[in-house]
Amino acid sequence: MDKIIIHGQKRLSGIVPVSGAKNSALTLLPCALLTDEPLTLRNLPRLADIDSFQHLMNQFGVSTTIAGSRPEDFGRVMTLAATRLTSTTAPYELVRKMRASILVLGPLLARAGEATVSLPGGCAIGNRPIDLHLKALEAFGATIELAAGYVRAIAPDGGLPGGRYTFPVVSVGATENALMAAVLVKGTCVLHNAAREPEIVDLCNLLVAMGAQIEGIGTSDLTIHGVDRLHGATYMVMPDRIEAGSYACAAAITGGEVELKGARIEDMEATVQALRDAGVQVEATATGIKVAADGPLRPVTLSTAPYPGFATDMQAQLMAMLCRAEGTSVLTETIFENRYMHVPELNRMGAKISAQGRTAVVQGVPKLTGAEVMATDLRASMSLIIAGLAAEGETQVSRIYHLDRGYERLEEKLALMGADIERVGSD
Ligand code: UD1
Numbered sequence: 099m100d101k102i103i104i105h106g107q108k109r110l111s112g113i114v115p116v117s118g119a120k121n122s123a124l125t126l127l128p129c130a131l132l133t134d135e136p137l138t139l140r141n142l143p144r145l146a147d148i149d150s151f152q153h154l155m156n157q158f159g160v161s162t163t164i165a166g167s168r169p170e171d172f173g174r175v176m177t178l179a180a181t182r183l184t185s186t187t188a189p190y191e192l193v194r195k196m197r198a199s200i201l202v203l204g205p206l207l208a209r210a211g212e213a214t215v216s217l218p219g220g221c222a223i224g225n226r227p228i229d230l231h232l233k234a235l236e237a238f239g240a241t242i243e244l245a246a247g248y249v250r251a252i253a254p255d256g257g258l259p260g261g262r263y264t265f266p267v268v269s270v271g272a273t274e275n276a277l278m279a280a281v282l283v284k285g286t287c288v289l290h291n292a293a294r295e296p297e298i299v300d301l302c303n304l305l306v307a308m309g310a311q312i313e314g315i316g317t318s319d320l321t322i323h324g325v326d327r328l329h330g331a332t333y334m335v336m337p338d339r340i341e342a343g344s345y346a347c348a349a350a351i352t353g354g355e356v357e358l359k360g361a362r363i364e365d366m367e368a369t370v371q372a373l374r375d376a377g378v379q380v381e382a383t384a385t386g387i388k389v390a391a392d393g394p395l396r397p398v399t400l401s402t403a404p405y406p407g408f409a410t411d412m413q414a415q416l417m418a419m420l421c422r423a424e425g426t427s428v429l430t431e432t433i434f435e436n437r438y439m440h441v442p443e444l445n446r447m448g449a450k451i452s453a454q455g456r457t458a459v460v461q462g463v464p465k466l467t468g469a470e471v472m473a474t475d476l477r478a479s480m481s482l483i484i485a486g487l488a489a490e491g492e493t494q495v496s497r498i499y500h501l502d503r504g505y506e507r508l509e510e511k512l513a514l515m516g517a518d519i520e521r522v523g524s525d
C-alpha cells in the first residue's frame, strides 16, 4: 500500500487550484436517474469516490462518458444518460465501498416507483443511521421494507403523492434523498429543518435547471411542487469548500501565504472566521481566497454545527493547525461521535491534545515532530498531512486510500505550493 512521506517545515506559498466539491458531486450524479435525457456535469473532481459512484450508476443501466481527462486539466466532464433503467438495486459490494450510495434511493424511487439499496453498514466516524432518509420518504407516501440487509422503498401505483416532514436533527444526506424523491411527486412536499449546506443549494440549483420547482432554496424550509418529468441539463459542480479550508489550514500552519484559486468565500464563512480568530489573514480575491499567516497562531474555541456553523468536515484539519497555536484551544464535535481518531496520531507527533467525549482540549506546542502515522478516515488523514507539513523531520502517513477518496492530486497540489511531499509504494 502507498504511503505519503513529508519532510516538514517548508513554508507554503503560491496558488493552488480548488477542485469541484466531492460532496456536491456525490449528490449531483444520482440526479441523472431522474430523467431519460443526458445530464452533463462539469468540474467533477478526480477521486476514487466519484469513480465508485460512476460504477454504481452503470449498474442501473446508466451510460457514462468522460471528457477532459488530460492530466493538465483539473476537473472532468461526465455525461450520464439514464435513457432506460435496467436495474433498481444497489448491491452490497458497491454500497459497502461508499456510504453516499444511499443517495440513489430517492431518485430511483421517484423515477421507477421502486428502489432496493443495501444498508450502508457501520462507518469509522460513528453509527451513521439512515432512519431520517426513510422517514422522509415515508412521509411522501413510500412504503419501506427492510430485509436481509437491504432497504426497499416502494411508491404507490401512479407515483408518490407527496407530504410534509420535519427533520428532528439536521441531516445533509436525508435532505438530499428527500429532495431528489420530491421533485417528481404528484402533489407537493414540504421539508422543515432541512440541511442548508452549500452542497444542498448546489443540488437544488441543478434540480431547478432540470425543470424542478423548489421554493426556499438556501433556507431550512423547502417546498417542492412535483412536476411530471425532468429534462437534461449541463451543470458545473461547485468548488470544494472543505478542500479549500484544508489547504488554508496547511498554509497557515507553515506560516505561509497561498491563494486558493476558485474557492468561494461566501460558502466558507465559519471556516474563515475560525482562521481569522486564529490570527490568519483571509481575504477574497478576484479569483478565489488569499490566506496568509505571518505571526504566531492564536488558540480558538468552537463547536461544529450544521451549516452555517463550523463544518464537522473541517474539525480535524483545524485541530492540527491549532496544535501550533500559542495557547489552549477547545473544540467540541456535535455532529458525529467518535470523530477524534486523529487525536492519538497527532499526539504521536508531539501534539498535546486530550479528548473526552465530544470535547477536545488542544494545548499548543512550540514544535511538532515527524513520525509514522496512520490515516483512519478522510479528514483525519488530512489532519496528519497538515501536522506533517509543520513537523520537524520526516512524517510517513500510511493507509492513504482514505485521502484518495477526497483530495484530488493531493501531493501534486501541495508540492505546487512548495511542500516536500511524495507518494511511495510500499512492499
Ligand atoms: C454528509 C457529508 C459528510 C459530512 C456530513 C455532516 C456527504 C457525502 N457526506 O454526511 O462529509 O460530515 O454530511 O456535514 O455529503 N443522522 C441520523 N439519521 C439519519 C441521517 C443522519 O441520525 O438518517 C445523524 C448522523 O448520525 C449525524 C447527523 O445526523 O449525527 C448528521 O449526519 P448527516 O448530515 O446525515 O451526514 P451525511 O449526510 O451522512
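Start counting at 1 in the sequence shown, then tack on 98, and there's your number in my numbering. Where is the CB? At the ideal position from N, CA and C, for every residue including glycine.
Original post:
From T186 to H329, what does the alpha carbon distance come to, in whole angstroms?
Top reply: Translated into positions along the sequence shown, residue 186 becomes position 88. Translated into positions along the sequence shown, residue 329 becomes position 231. Straight across, the Cα-Cα distance linking T186 with H329 is about 20 Å.
Original post:
Taking only runs of the beta strand (DSSP E) that begin and end inside the segment 361-396, which ones reach a length of at least 3 residues, in chain order?
Top reply: Whole beta strand (DSSP E) segments, 3+ residues: 379-382, 386-390.
Original post:
Under the rule that 16 or more other beta-carbon atoms within 10 Å means buried, what is R327, buried or exposed?
Top reply: On the sequence shown, residue 327 is found 229 positions in, with the first residue counted as 1. Exposed, since its Cβ has fewer than 16 Cβ neighbours within 10 Å.
Original post:
From N445, G455, L444, P442, pick the residue whose C-alpha is nearest to that of N436; which is it?
Top reply: Within the sequence shown, residue 436 is the residue found at index 338, counting from 1. Considering only alpha carbons, the answer is G455.
Subject >> Span separating the alpha-carbon of Q494 from that of K101 >> reply: The sequence position of residue 494 within the sequence shown is 396, counting from 1. The sequence position of residue 101 within the sequence shown is 3, counting from 1. Going by the C-alpha atoms only, they are around 7 Å apart.
Original post:
Do A418 and I340 have their C-beta atoms closer together than 8 Å?
Top reply: As a position in the sequence shown, residue 418 is number 320, starting the count at 1. As a position in the sequence shown, residue 340 is number 242, starting the count at 1. The answer is no: Cβ separation not under 8 Å.
Subject >> Spatially closest choice to V299 from S496, I315, T286, D255, by CA coordinates >> reply: Start at 1 with the first residue of the sequence shown, and residue 299 comes out as number 201. Out of S496, I315, T286, D255, I315 has the C-alpha closest to the C-alpha of V299.
Subject >> Residue closest to L217, alpha-carbon to alpha-carbon, out of I451, M196, N303, D149 >> reply: Taking the sequence shown and counting its residues from 1, the one referred to as residue 217 is at position 119. Among I451, M196, N303, D149, the Cα nearest to that of L217 is on M196.
Subject >> Nearest to S318 (by Cα), restricted to the options L145, T214, A293, K359 >> reply: As a first step, residue 318 is located in the sequence shown; it is residue number 220 there, counting from the start. Comparing Cα-Cα distances from S318 to each of L145, T214, A293, K359, the minimum goes to A293.
**OP:** For T383, collect the residues of the same chain with a Cβ closer than 8 Å to its Cβ; drop the 5 residues on either side in sequence, then sort them by chain order.
**Re:** On the sequence shown, position 285 is the one that residue 383 refers to. Answer for T383: E357, listed in chain order.
Original post:
Under a three-way DSSP split, which group does R339 fall into?
Top reply: One-based indexing of the sequence shown puts residue 339 at position 241. It is helical.
Original post:
Which of the three DSSP states, helix, strand or coil, is assigned to N141?
Top reply: Position 43 of the sequence shown, counted from the start, is the residue given in the question as residue 141. The three-state secondary structure of N141, taken from DSSP, is strand.
Original post:
Would you say N156 touches ligand 1, meaning its beta carbon is less than 7 Å from a heavy atom?
Top reply: As a position in the sequence shown, residue 156 is number 58, starting the count at 1. No, the Cβ of N156 stays beyond 7 Å of every heavy atom of ligand 1.
Subject >> When Q107, A119, G354 are compared against P337, the one with the closest alpha-carbon >> reply: Sequence index remark: in the sequence shown, residue 337 carries index 239 (1-based). Of Q107, A119, G354, the residue nearest in Cα terms is A119.
Original post:
Do you know whose CA, among F158, L258, A349, lies nearest A513's CA?
Top reply: The sequence position of residue 513 within the sequence shown is 415, counting from 1. Just measuring C-alpha positions, the residue of F158, L258, A349 sitting nearest A513 is A349.
Original post:
S344: beta carbon under 7 Å from a heavy atom of ligand 1?
Top reply: If you number the sequence shown from 1, residue 344 lands on position 246. No, Cβ of S344 sits at least 7 Å from all heavy atoms of ligand 1.
Original post:
According to DSSP, which residues form a beta bridge with K101?
Top reply: For the purposes of this step, residue 101 is taken as the residue at position 3 of the sequence shown. Per the DSSP secondary-structure output, K101 pairs in a beta bridge with S496, V522.
Subject >> Close-in-space but distant-in-sequence residues of the same chain around T474 (CB under 8 Å, 5 per side omitted) >> reply: Residue numbering aside, residue 474 sits at position 376 when the sequence shown is read from its first letter. Its chain contains A222, M439, H440, E443, R497, H500 as the residues whose beta carbon lies nearer than 8 Å to that of T474, once the 5 sequence neighbours on both sides are disregarded; these appear in chain order.
Original post:
Taking 7 Å as the line, does the beta carbon of T410 fall inside it for any heavy atom of ligand 2?
Top reply: With respect to ligand 2, the structure shown offers nothing to examine, as its ligands consist of ligand 1.
Original post:
Quick one: is the Cβ of D229 within less than 7 Å of any heavy atom of ligand 1?
Top reply: Start at 1 with the first residue of the sequence shown, and residue 229 comes out as number 131. Yes, the Cβ of D229 comes within 7 Å of a heavy atom of ligand 1.
Original post:
Anyone know if the C-beta pair for I87 and E506 falls short of 8 Å?
Top reply: This structure leaves residue 87 out entirely; the chain is present only between 99 and 525.
**OP:** Ignore the nearest five residues each way along the sequence and tell me which others in E212's own chain have a CB closer than 6 Å to its CB.
**Re:** Here residue 212 refers to the residue found at position 114 when the sequence shown is read from its first residue. Closer than 6 Å at Cβ, skipping near neighbours: T186, I252.
**OP:** Could you tell me whether the segment 391-403 touches the segment 424-436, using the rule of 3 or more Cβ pairs below 8 Å?
**Re:** Touching, yes, given that three or more Cβ pairs across the two stretches are closer than 8 Å.
**OP:** Starting from M472, follow the beta strand (DSSP E) in both directions and report where the run begins and ends.
**Re:** Here residue 472 is taken as the residue at index 374 of the sequence shown, counted from 1. 470-472 is the extent of the beta strand (DSSP E) around M472.
Original post:
Under 8 Å, do G247 and Y190 count as touching if we go by C-beta distance?
Top reply: Position 149 of the sequence shown, counting from 1, holds the residue named residue 247. Position 92 of the sequence shown, counting from 1, holds the residue named residue 190. Result yes, Cβ atoms of G247 and Y190 sit closer than 8 Å.
**OP:** Find the nearest neighbour of K359 within the set M278, C302, V389, judged by alpha-carbon distance.
**Re:** Within the sequence shown, the letter at position 261 stands for residue 359. Here the closest residue by C-alpha is V389.
**OP:** Please go through the segment 183-236 and give each complete beta strand (DSSP E) segment of 3 or more residues, from N-terminal end onward.
**Re:** Entirely contained in the segment 183-236, the beta strand (DSSP E) runs reaching 3 residues are, in chain order, 212-216.
Original post:
My guess is that M366 and A342 are in contact by the Cβ rule of under 8 Å, so how many angstroms apart are they, rounded?
Top reply: Numbered from 1 along the sequence shown, position 268 holds the residue referred to as residue 366. Numbered from 1 along the sequence shown, position 244 holds the residue referred to as residue 342. Correct: roughly 7 Å between the Cβ atoms.
**OP:** Compare the beta carbon distance of A517 and I148 with 8 Å and say whether it is the shorter of the two.
**Re:** For the purposes of this step, residue 517 is identified with residue 419 of the sequence shown, where counting begins at 1. For the purposes of this step, residue 148 is identified with residue 50 of the sequence shown, where counting begins at 1. Taking 8 Å as the cut-off, the beta carbon of A517 is found no closer than this to the beta carbon of I148.
Original post:
Which residues does DSSP pair with G526 in a beta bridge?
Top reply: Outside the displayed range of the chain (99 to 525) lies residue 526, so it cannot be described from this structure.
**OP:** Flag E236 as yes when its Cβ comes closer than 7 Å to any non-hydrogen atom of ligand 1, and as no otherwise.
**Re:** Reading the sequence shown from its first residue, position 138 is the one you call residue 236. Annotation for E236 indicates a beta carbon at 7 Å or more from all heavy atoms of ligand 1.
**OP:** Decide yes or no for the touch test of the segment 156-165 against the segment 234-247: beta carbon pairs closer than 8 Å, at least 3 of them.
**Re:** With the cut-off at 8 Å, the segment 156-165 and the segment 234-247 do not touch.
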